[in-house]
Amino acid sequence: MDCLAVRDRLAEYSLFLVDQEERGALDRHLEWCAGCRKEAGEMLEGAAQVGLALEPTEPPPSLERRVVDAVTAATRRRSTGRRVGLMAVATVAAGVVAVAAVAWGAIMASRAQQVDAELQRVEDRATQAEIQARDIARRLKLVLQEFPVPNEEIRNVPLGPRAPFKGGGAAVLVNSRNQHWVVVIVGGLDAKGLPYRVTLFSRSGHRFEAGEITELDAAGGAELLGGFDRSLAGVSRLVVRNASGEVVLAGIVNPPASPTP
Amino acid sequence: LVEQLLAGNEEAVRTMYVRFSRPVYTLGLRLLGSPEAAEELTQDVFVAAWRKAARFDSSRGRLSTWLMSIAHNLAVDRLRHESGAGRPSLVCVEEVPERLVEGDMDPVIDRDAARRAMSSLSEGERILIERAYFRGFTAREIAETDGIPLGTVKTRLRTALIKLRRANQGKEL
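As structure tokens, this is what we get:
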């Protein structure tokens, strides 16, 4: 869709009168087009006035407790999810891009033993970036231990920065008969770019939204665990975009490792 | 407040609820037609707001308008889902129980500003916007019903929305 076509539809978009398919197309355009996004924002604000102008009705007193409970329960669920994620991958320090240096292929090929060997090598050299890479490798090892799936169902994605952005990361895609999920670990990202959106693309052009990174640690690191209800078999590319829709990190999905012995 | 909401701070949730539950609940009642559905919508709106809190940008709009957009979107989605239709089939409850509301000033200021904004519309613009917002009529349906060109309806809808936004900000068109 070009800007002309999008602007023709923005009024109805702002009034939620377009169907899901068209809404998706408009959303994709608005992700990267600041001009149309600004106009959409203005129209949404205009539309909101219609609802705000209504004579207010007092909700029942019991609703407050239910709303507060619902939000705090959702917060707890996310925290639990994060703990699972932390158990598997933990937080990642800056310099995640150095993960390439810890021989991804080798890690995936023969799993834990190779990771240990890499850790030892990195330990010997002990530069800051390598220490960070070691952290990532250690956490990846935990991922592999945490989720005992065969090698052939695991693919890795080294993530590199797209100029002018910095940072880096890595992802593990698991696609088995019953499990379709991705763990993404990033580091060195700028908090000004929050929230970061992680998207997977298949060769046939389908997109899979893995979720959003809404907070970063002091070193610009975060992890994200995304689950899907459909196969990730065709996924070939992973992209991390900032709040403005700019591609910050991207990577090609590597083929599966050798079958588990 | 939004940052605290994101952190799941109970007090922040409560504060936000006190400030914004009335317009959200009122919209739910108006669009969905029953107190039960309005309560459910209100709960969903606050949970959705918590989920999307990191994306809220105060430089682009007020918290109240952001929440109302979420509420309208969820209500329309619900109606669309329930009717199985490609577009929403909104119900319009003409008579809703009204009670005077006192206390917190922000919603009152928001409502007064929104009313001023609505009064900036001509009668024709107000009816047009209400048909789209409350009844879910698309531009094409309005054009066919009223026998006017589709382009004219789209232009009028756009003009009305921009007018509402500018009037709300105290700007002249």
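Protein chains in written order, with the working numbering: chain S, 6 to 266; chain U, -10 to 162. Glycine is no exception: its CB is placed at the ideal position from the N, C-alpha and C atoms. All values derive from a computational prediction rather than experimental measurement.
Asked, Found
"I need the DSSP call for residue 161(S), collapsed to helix, strand or coil.", "strand"
"When the Cα atoms are used, what is the spatial distance from residue 137(U) to residue 0(U)?", "51 Å"
"Quick one: is residue 72(S) near chain U, going by C-beta distance under 8 Å?", "yes"
"Check distances from the C-beta atoms of the stretch 20 to 41 of chain S to those of chain U and list, in chain order, the residues that come in under 7 Å.", "20, 21, 22, 24"
"Our contact map puts residue 191(S) next to residue 254(S) with C-beta atoms below 8 Å; I'd like the distance itself, whole angstroms only.", "7 Å"
"Beta-carbon of residue 55(S) versus every beta-carbon of chain U: anything under 8 Å?", "yes"
"Can you pull the DSSP bridge partners for residue 176(S)?", "162(S), 189(S)"
"Closest by CA to residue 252(S), which one among 17(S), 165(S), 78(S)?", "165(S)"
"What does the Cβ neighbour count give for residue 135(S), buried or exposed, with the cut at 16 atoms within 10 Å?", "In this prediction, residue 135(S) scores a pLDDT of 48, lower than 50, which makes its location untrustworthy; no coordinate-derived value is stated."
"Taking the alpha carbon of residue 145(U) as the point to measure from, which residue in 157(U), 156(U), 121(U) has its own alpha carbon closest?", "121(U)"
"Restricting to Cα atoms, I'd like to know which of 161(S), 7(S), 80(S) is closest to residue 40(S).", "7(S)"
"For a test of the three-state rule: what should DSSP assign to residue 69(S), helix, strand or coil?", "helix"
"Between residue 32(U) and residue 235(S), how many whole angstroms is the CB-CB distance? I'm expecting something under 8 Å.", "About 29 Å separates the two Cβ atoms, so there is no contact after all."
"Let me know if residue 195(U) comes out buried or exposed under the rule of 16 or more other beta-carbons within 10 Å of its beta-carbon.", "Since the displayed chain U opens at -10 and closes at 162, residue 195(U) lies outside it and no answer follows."
"Measure from the C-beta of residue 48(S) to each C-beta in chain U and report whether the shortest distance is under 8 Å.", "yes"
"Hey, is the stretch 145 to 154 of chain U in contact with the stretch 11 to 23 of chain S, meaning 3+ C-beta pairs nearer than 8 Å?", "yes"
"Taking 8 Å as the cut-off, does the stretch 229 to 244 of chain S touch the stretch 198 to 211 of chain S (at least 3 CB pairs, one atom from each stretch)?", "yes"
"In whole angstroms, what is the alpha-carbon distance linking residue 56(U) and residue 28(U)?", "15 Å"
"Determine the direct distance from the alpha carbon of residue 19(U) to that of residue 123(U), and round the result to whole angstroms.", "8 Å"
"If you draw a straight line from the C-alpha of residue 26(U) to the C-alpha of residue 14(U), how long is it?", "9 Å"
"When you compare the CB positions of residue 11(S) and residue 31(S), do they come within less than 8 Å of one another, or not?", "yes"
"Could you please give the first and the last residue of the uninterrupted beta strand (DSSP E) stretch that includes residue 215(S)?", "212 to 218"
"Spatial neighbours of residue 153(U) within its chain, please: CB distance less than 6 Å, with the 5 preceding and 5 following residues excluded, ordered by chain position.", "106"
"Starting from the C-beta of residue 229(S), find all residues in its chain whose C-beta is less than 7 Å away, skip the five residues before and the five after it, and write them out in chain order.", "189, 203, 215, 216, 218"
"Measure the alpha-carbon distance for residue 60(U) versus residue 47(S) and round it to whole angstroms.", "17 Å"
"Can you check whether the C-beta of residue 106(U) is within less than 8 Å of a C-beta belonging to chain S?", "yes"
"Confirm, please, whether the CB-CB distance from residue 110(U) to residue 98(U) is below 8 Å.", "no"
"For a test of the three-state rule: what should DSSP assign to residue 230(S), helix, strand or coil?", "strand"
"Note the first and the last residue of the continuous beta strand (DSSP E) segment covering residue 256(S).", "252 to 257"
"Cutting at 6 Å between CB atoms, please list the residues of its own chain near residue 212(S), excluding the five before and the five after it.", "204, 206"
"Please state whether DSSP places residue 206(S) in a helix, a strand or coil.", "strand"
"Within a Cβ cutoff of 8 Å, which residues of the same chain sit near residue 185(S), ignoring the five residues on either side of it in sequence?", "179, 232, 233, 234, 235, 236, 237"
"Identify, in the order they occur along the chain, each residue of the same chain with its Cβ nearer than 6 Å to the Cβ of residue 171(S), setting aside the five sequence neighbours on each side.", "193"
"With DSSP as the reference, identify every bridge partner of residue 117(U), one or two as the case may be.", "Residue 117(U) is not bridged to any residue."
"What are the uninterrupted segments assigned as alpha helix (DSSP H) that are 4 or more residues long and contained completely in the stretch 7 to 55 of chain U, given in chain order?", "24 to 41"
"Kindly list the residues whose CB is nearer than 7 Å to the CB of residue 248(S), restricted to its own chain and excluding five residues on each side of it in sequence; keep chain order.", "198, 199, 200"
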